[in-house]
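In the working numbering, the protein residues as written are 6 to 432.
Glycine included, every Cβ here is placed at the ideal spot set by N, Cα and C.
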Ligand code: 2SA
Ligand code: GDP
Ligand code: MG
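As C-alpha cells, this is what we get:
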C-alpha cells in the first residue's frame, strides 16, 4: 500500500520534513507531479538540505526514490541537484530512479516560461511562476508534442535521429509562437546527446517498478509537490501550477490504482503563505503579516522570493479536504505563532452578505468575499523545546482542537521547529 503526503494550502507547508521523518520506515519514496519548482528544505543534525525536484526520501540511506511519470524533468538540474546532495554526504547510488514516461523540460521551455510571464505582465497580472519551464512543458505534453525520457535514452536504431527531428519540430512551433528569440538550440541538442549515457542507469519502467513494490508489500510513500490550491483544476486558476497537485495527480502521475492508497496525510501550516501572484483572502498586508514572514523565515527555496503571509484559512482547508480526503493532519510551524497574543482564523466567506457553501471558482467573486474570522487566544510562550504533545500550552491545544473540529480530521503530528526532532506525535 502507498501512503501520501499532500500540501493542503498554497505550498511550503513543510511536506519535506514530514516525508523525511516518515521515510525512516519507508522502502520507496516517490514524486508524482511537478518538477524543480517544488522547493523544500530538510534539516537533519543541523545540516540543511535543499531539494527542488528529487524526492526527500534520499536523506534516508535505506530508502529507494522514484520520479514518477507525471514529473517533468530538466536533466541538467536533475544532475546539479543530485551533485549538491552528494557534496553534502548523501549517497544515492542505486536508489534513485526516473520514469521512462516522464516528460523532459528543455532549456527553451524555461525561456518560454519567462517570455510568457513578460507578455502577461503588460495586460493582466503575470502568474509569478518559478521560471523553471513547468507550464510550457505541461503545455507541450498536453498538445502531444513533448518528448519523454525514453525518447532520449532509447537505443533502437534511428532513435536519436527521431529525437532530433521531434525536438526541432517542437522548437519551430515555439519560435512561431514567441518570435525569433535568441537561443542555442543546437547546443542544447548536443548537451542532451551527451546526457544519454549518464542518464540511462536511472531510467526505469516506473509502472512495473511501483506495481512490483506494492505487490511485494513494500512500504511506499508519495511526496506531493506544491499544494491543492495550486492544482491546475481545483486551485485559484489561472494562478496555479500546471499539474494536478492533489490526490488525482498521485494516481495519474504514478500509475497506481486508487485502492493502492491507504493514508492521505494533509500538511497544514498553522497560518497561510503563498508565493507568486493570485488571490489570498486571509493575506495580512500589514505588520502582522510581516511578523509571520520574518518569524517563519518565509522565503522561497527555489527563487528566494518572500512568501506572502496571512492567517489560517479553514474555508480553504475544508475545500482542500473535500478533494484530497485527508486521513490525518500534520500541523506545521505552530512555533511561529508563539508570540501572538490573539490568532484570528478564517471560518467562513460571505458574498453579498450571504455565507458561501464552498470556495468560489470565480476570481471576481473571490476578490469580493468578506472573510469571517474567529479569534483564538494565543499561548504566548516558547514551544520549541517541548518534547511531548501533552506539554503543549492549553491554548495551543485549543488551537489544534479548533482545526480538528472544524474539519473533522484528526491531527496526528505537530511541528514545533524546522529540525527532524521538532515534531510532536499526538497521542
Ligand atoms: P510554476 O513555476 O509554473 O509552477 O508557478 C505557478 C504558480 O505556482 C507557484 N509555485 C509555488 N508556490 C510555492 N512554493 C513553490 N516552490 C518554491 C518554494 C517556490 C519558490 O518551495 O519556495 O522558491 O519561489 C512553488 N512552485 C510553484 C508559483 O509561485 C506560481 O504562483
Ligand atoms: P514544502 O515545500 O512543503 O516541503 O516546505 P518548504 O521546505 O518549502 O518550507 C517549509 C519551511 O519551514 C522549511 O524551511 C522547513 O525547514 C521549515 N519548517 C518545517 N516545519 C517546521 C516547523 O514546524 N517549525 C518551523 N519553525 N519551521 C518548520
Ligand atoms: Mg516548498
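Where the beta strand (DSSP E) containing residue i begins and where it ends
i	result
residue 464	Here the chain has residues from 6 to 432 only, and residue 464 is not among them.
residue 392	Neither: residue 392 is in no beta strand (DSSP E) and is coded neither H nor E.
residue 8	7 to 12
residue 429	428 to 430
residue 320	Premise fails: residue 320 lies in the alpha helix (DSSP H), 319 to 329, not in any beta strand (DSSP E).
For residue i: DSSP bridge partner residues
i	result
residue 336	273, 419
residue 33	69, 225
residue 56	45
residue 354	376
residue 349	380
residue 104	209
residue 359	356
residue 433	This structure cannot settle anything about residue 433, because the visible part of the chain is limited to 6 through 432.
residue 310	According to DSSP, which records beta bridges pairwise, residue 310 is partnered with nothing at all.
residue 288	315
residue 278	314
residue 424	48
residue 304	311
residue 109	78
residue 266	7
Whole-number beta carbon distance between residue j and residue i, since they are thought to touch under 8 Å
i	j	result
residue 137	residue 41	5 Å
residue 39	residue 248	5 Å
residue 416	residue 333	7 Å
residue 319	residue 280	No, residue 319 and residue 280 are not in contact; Cβ-Cβ is about 21 Å, not under 8 Å.
residue 385	residue 344	7 Å
residue 14	residue 321	6 Å
residue 336	residue 381	With 8 Å as the limit, residue 336 and residue 381 do not qualify as a contact, their Cβ atoms being about 13 Å apart.
residue 278	residue 312	4 Å
residue 78	residue 154	7 Å
residue 378	residue 419	With 8 Å as the limit, residue 378 and residue 419 do not qualify as a contact, their Cβ atoms being about 22 Å apart.
residue 252	residue 159	Actually they are not in contact, since the Cβ atoms of residue 252 and residue 159 sit about 32 Å apart, beyond 8 Å.
residue 18	residue 133	Going by Cβ atoms, the distance from residue 18 to residue 133 rounds to 18 Å, so no, they are not a contact pair.
residue 258	residue 37	3 Å
residue 90	residue 54	6 Å
Start-to-end residues for the alpha helix (DSSP H) that takes in residue i
i	result
residue 141	139 to 147
residue 21	20 to 27
residue 196	190 to 204
residue 174	164 to 183
residue 315	From DSSP, residue 315 is part of no alpha helix (DSSP H) but of the beta strand (DSSP E) over 313 to 315.
residue 409	399 to 412
residue 63	Segment: none, residue 63 is in no alpha helix (DSSP H) and carries neither H nor E.
residue 296	292 to 300
residue 253	252 to 259
residue 154	154 to 158
Classification of residue i by the beta-carbon crowding that lies within 10 angstroms, buried from 16 upward
i	result
residue 430	exposed
residue 9	buried
residue 56	buried
residue 241	buried
residue 52	exposed
residue 115	buried
residue 427	buried
residue 423	buried
residue 25	buried
residue 22	buried
residue 189	exposed
residue 301	buried
residue 62	buried
residue 360	exposed
residue 65	buried
residue 340	buried
residue 234	buried
residue 186	exposed
residue 6	exposed
residue 290	exposed
residue 496	Residue 496 lies beyond the residue range present for the chain, which begins at 6 and ends at 432; the question has no answer from this structure.
residue 250	buried
residue 413	exposed
residue 211	buried
residue 387	exposed
Proximity test, residue i beta-carbon vs the ligand ADP heavy atom, cut-off 6 Å
i	result
residue 278	Although the ligand ADP was asked about, the structure shown includes only the ligand 2SA, the ligand GDP and the ligand MG as ligands.
Name all residues in chain order for which at least one heavy atom of the ligand MG lies closer than 5 Å to the residue's CB.
-> Selection output, chain order preserved: 17, 44, 45.
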